[in-house]
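A short write-up of the structure that comes next.
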Amino acid sequence: AVLVWALLASVISWGHSAPSAPSDNPFLTLYPTAADYAPYSFTAAFNWSCVVTVSKQSKPQDAYNQAAAQLLHNCPTGGSMFFPAGTYTWSASLQLDDRIVLRGQPTTGMANLNGAPGTLKPTTVFQFTDRAAQGIECINCSLTGVVNIDLNGGHISLHGTETDSGLTAAMVLGNVVRNYNYLYPVQPPGSFYQHWPYRFSTAISLGQPINGVVVNNLLPQADRTATTRITLLSRSKGINFTAQVDFPYDNRYGIAYSSSATTLQRAMTATQDYMGSRHPWFLLNDAQPVTNVSLADNYVYQNGRVGISWAGNDSSTTAQGAGVRVYRNHVEVARDTICYTETGVKLASGSATNENRGYDQAGFGNNVESNTGHINRQYVLNGDPPFARSGYETTDGEGLLQQEQDGMQARRNVWLKNDLSGGQAGPMMFYALAEVTSNTVQHNVVNSNGTIGIVIGGSSPAKMVVSDNDCSNNRPAAVCRDPRSYS
């Protein structure tokens, strides 16, 4: 039977809301202690008391449009759009209006339970088309948010304009994003179309807010299955690899944040350039100083790509860790899986880079503390028939990385009490940089055969500036001078 949705008779006014509609500050509800809340007092700027409730109609987009018009008419500074518990099926992305926070049925379940999926299970479910570039989006926004929604097959993408820093405050809190990935939006250059994940699919992306929280979100292992037939170019005398394989829903970026006005756009939709040059880990010169940005208490499962990545500058020239805060997250990278291809064009080889990375940072003054991760690389197939699984793994597999394309300078960062051991890989690296200065790297743990600190690569500059780094009590011991200076 077709569900019929109806917009409730309005209860929209200053200080009043529908009986079951939430009017609290959900961040303060989840983190009530003064110490936790103090840096995020900007969340009080959201007009939580002005709420409109939407209930079931046949077309949830129409219901949203009606409610949004009424909400912004009665409350010009904005408010909340409340979708009670239930399943809402969308045929296209929901484009949020500026100054509206989307809220589902309240829940205080936690996403990350000591490195395992927690109890977070929102009862407001948004169902999107399988493997399509759909989700909840806000374009050219100044203030926006998504709270307590379970997105099945959809993403969250919130950002300001492409030319200025219009997005001043954003909240992504208490959501589940699952089964999200989508196919190549256009035919990759010089190749045939494949039913394979677009290389820069991203589950949660946030662009430009100097005040923002991406907190307590759960990106679990996919519970949806599908198969796809792929044909990949191999190195073997023009013989292609062809097979019916499982579609890798979790081969996507997890959470991505950038303070740059032009770095992050619409979460890798069809308008994106093929090589993804606007992805957050390409830090551009217009990256703004952040004020209060936190990526915390999230759980991310992935099978390739990067779990959590961010790019933002601090507003200080002396204080450490005054930029983006990355706290108490867990990234679980699938173990013992096969990487068939990174691009959907060629069969992956041992030199393939599918990232399989936990955390990727860019910018200055990052504060990365008490995060965990189990980081594993993927196996590749032999390059010749019968294309059996080989013993070779893809490259990368870093636990935490700042590399040359993230900006050549690592300044004023804090890496503290992170444990990225327990997987097959997971080093913590300042890789091929020109400068590593005024960083604190303490009490971190990686595997005994792993690395913490400065690493030289083929693209390293001939000279490196290294000074004023405090590196102590790491296991194994951190390398905090130019390794080429050891003799």
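In the numbering used here, the protein residues as written are 271 to 757. Yeah, the Cβ is synthetic: ideal placement off N, Cα and C, and Gly gets one too.
Using only the alpha-carbon positions, how far apart do residue i and residue j sit?
i: R598; j: Q572; result: 17 Å
i: V716; j: F352; result: 43 Å
i: T359; j: R499; result: 28 Å
i: T561; j: N624; result: 32 Å
i: V735; j: T707; result: 7 Å
i: A531; j: G430; result: Low per-residue confidence applies at A531: pLDDT is 48, beneath 50, and the placement is therefore not dependable, though the value from the model is reported in the following sentence. Answer to the nearest angstrom: the Cα atoms are 8 Å apart.
i: N445; j: L428; result: 14 Å
i: Q491; j: P387; result: 9 Å
i: R369; j: D332; result: 19 Å
i: T665; j: G348; result: 47 Å
i: P746; j: D689; result: 12 Å
i: T261; j: L502; result: This structure cannot settle anything about residue 261, because the visible part of the chain is limited to 271 through 757.
i: Y569; j: H600; result: 5 Å
i: L437; j: N652; result: 48 Å
i: S293; j: T299; result: 11 Å
i: W318; j: T497; result: 44 Å
i: V650; j: T303; result: 48 Å
i: S691; j: E602; result: 11 Å
i: D420; j: R751; result: 46 Å
i: S621; j: T378; result: 43 Å
i: V638; j: A526; result: 15 Å
i: V731; j: W466; result: Sequence check: residue 731 is Pro here, not Val. Answer to the nearest angstrom: the Cα atoms are 36 Å apart.
Just verifying my parser: in three-state terms, what is the DSSP assignment at residue i?
i: L502; result: strand
i: Q672; result: strand
i: T414; result: strand
i: A403; result: coil
i: P346; result: coil
i: F657; result: coil
i: R605; result: coil
i: A386; result: strand
i: S311; result: helix
i: Y662; result: strand
i: C750; result: coil
i: Q648; result: coil
i: T710; result: strand
i: D567; result: coil
i: A338; result: helix
i: P296; result: helix
i: A333; result: helix
i: D306; result: helix
i: S471; result: coil
Are the beta-carbon atoms belonging to residue i and residue j less than 7 Å from one another?
i: Q404; j: S363; result: yes
i: G591; j: V684; result: yes
i: A581; j: S528; result: yes
i: M698; j: I722; result: yes
i: T394; j: G415; result: no
i: V417; j: L443; result: yes
Tell me whether residue i is buried or exposed, calling it buried when 16 or more other Cβ atoms sit within 10 Å of its Cβ.
i: N636; result: buried
i: I509; result: exposed
i: P376; result: buried
i: G720; result: buried
i: V711; result: buried
i: A339; result: exposed
i: P392; result: buried
i: R659; result: exposed
i: V563; result: buried
i: H425; result: buried
i: H588; result: Here residue 588 is Thr; the residue named in the question, His, does not match the sequence. Exposed.
i: T472; result: buried
i: S579; result: buried
So, for residue i: in the same chain, excluding its five sequence neighbours on each side, which residues have a beta-carbon less than 7 Å away from its beta-carbon?
i: M678; result: L703, A704 and E705
i: A314; result: N295
i: G728; result: none
i: K616; result: L502 and L503
Got a sec? Which residues, its chain only, sit under 6 Å from residue i by beta carbon, not counting five neighbours each side?
i: V576; result: Y523, E625, R627 and D630
i: S585; result: P559
i: T607; result: N573 and Q648
i: F700; result: Q672, A680, V706 and I724
i: G837; result: For residue 837 there is no data in the structure shown, the boundaries of the chain being 271 and 757.
Considering only residues of the same chain and omitting the five flanking positions on each side of residue i, which have a CB-CB separation below 8 Å?
i: N449; result: D400, N422, G423, A492, D493, R494 and Y519
i: R605; result: H644, N646, G693 and Q694
i: P753; result: I724, V725 and I726
Any heavy atom of the ligand MN closer than 6 Å to the Cβ of residue i?
i: S729; result: Only the bare structure without any ligand can be found here, which leaves the ligand MN out of the picture.
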